[in-house]
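The next block holds one structure in the form of structure tokens; read it before the comments.
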Amino acid sequence: MLETVRSIALCFGCVPSLAAFPTVRHSFRRGRSMSSKPKAFGQLPRFQDGNFILHQSNAILRHLARNHGLYGEDAKEAALLDMVNDGVEDLRIKYAHLIYQNYESGKAAYIEALPAELAPFEKLLAQNDGGKGFIVGKQIGFADYSLLDILHVHLVLASNCLDSLPLLAGYVQRLNDRPSLKNFLESDARKKRFINGKGKQ
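Numbering (the UniProt record's numbering), first residue to last: 1 to 201.
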């Protein structure tokens, strides 16, 4: 899913040990075939490090997290990060259904229900140092990148969606202001990257 790929891009753009990792990006016009590359499950993205090749966007994201200090300080934090990321993916599925199948007739109802959909993340954030830091633990984790990206996506859809969720609103601003994230988010590469493949957002 294109939205998950954006989370991977956040990791590559913002984690110092990944920023220097050589990457090759292929852009595909809507409707153009992507069958020229071998794919384990018939889809992109594809991650390659030497002879090691990995498909499936969340598998790639977790692999990067394990190898670059983004998977928490212990097994419990790792499990919580997995839980948050899975919650983000559940929301991505609902968002994708809206964009690709029900945009015109379903947008208003989706936006109306959005604060309730985001409330569990507000609650989880409150449970970690009163919502003053990251979603899990004392250090940024891969689920923070996933959550931040899905919040960015929904702020484009509905700019007021966090008005009733002050901790999440502060969380977005706090992460946006981190120097590495700020530089990446303001880069031309990020600004030119479309959110989804249908042109609706």
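Quick reminder that beta carbons are idealized off the backbone N, C-alpha and C, glycines included. Keep in mind the model is a prediction, meaning the values are calculated, not measured.
_When Leu70, Leu114, Lys132 are compared against Leu167, the one with the closest alpha-carbon_ = Stepping through the sequence shown from its first residue, residue 167 is reached at position 167. Of the listed residues, the one whose Cα sits closest to Leu167 is Lys132.
*Indicate whether the contact test is met: 3 or more Cβ pairs, each with one atom in the segment 118-126 and one in the segment 179-189, closer than 8 Å.*
no
_Rounded straight-line distance, which links the Cα of Ala189 to that of His26_ = Residue numbering aside, residue 26 sits at position 26 when the sequence shown is read from its first letter. Residue numbering aside, residue 189 sits at position 189 when the sequence shown is read from its first letter. Model confidence at His26 stands at a pLDDT of 48, short of 50, so the residue's coordinates are unreliable and nothing is read from them.
*Inter-residue spacing [alpha-carbon to alpha-carbon] between Gln48 and Arg62*: Taking the first residue of the sequence shown as 1, we reach residue 48 at position 48. Taking the first residue of the sequence shown as 1, we reach residue 62 at position 62. Approximately 14 Å between the Cα atoms of the pair.
*When the Cα atoms are used, what is the spatial distance from Lys138 to Asp149?*
Within the sequence shown, numbered from 1, the residue matching residue 138 stands at position 138. Within the sequence shown, numbered from 1, the residue matching residue 149 stands at position 149. One C-alpha to the other measures close to 20 Å.
*I think Ala143 touches Val84, with their Cβ atoms under 8 Å apart; what is that distance to the nearest whole Å?*
Walking along the sequence shown from the start, residue 143 turns up at place 143. Walking along the sequence shown from the start, residue 84 turns up at place 84. Their Cβ separation, rounded to whole angstroms, is 4 Å, which keeps Ala143 and Val84 in contact under 8 Å.
*What number of angstroms, rounded off, separates the C-alpha of Lys76 from the C-alpha of Gln127?*
The residue you call residue 76 lines up with position 76 of the sequence shown. The residue you call residue 127 lines up with position 127 of the sequence shown. If I take the Cα positions, the gap works out to 15 Å.
*Quick one: grab the DSSP three-state call for Gln101.*
Taking the first residue of the sequence shown as position 1, residue 101 is located at position 101. Reduced to three states, the DSSP call for Gln101 is helix.
*His152 by DSSP, collapsed to three states: which one?*
Along the sequence shown, one-based indexing puts residue 152 at 152. DSSP places His152 in helix when its eight states are reduced to three.
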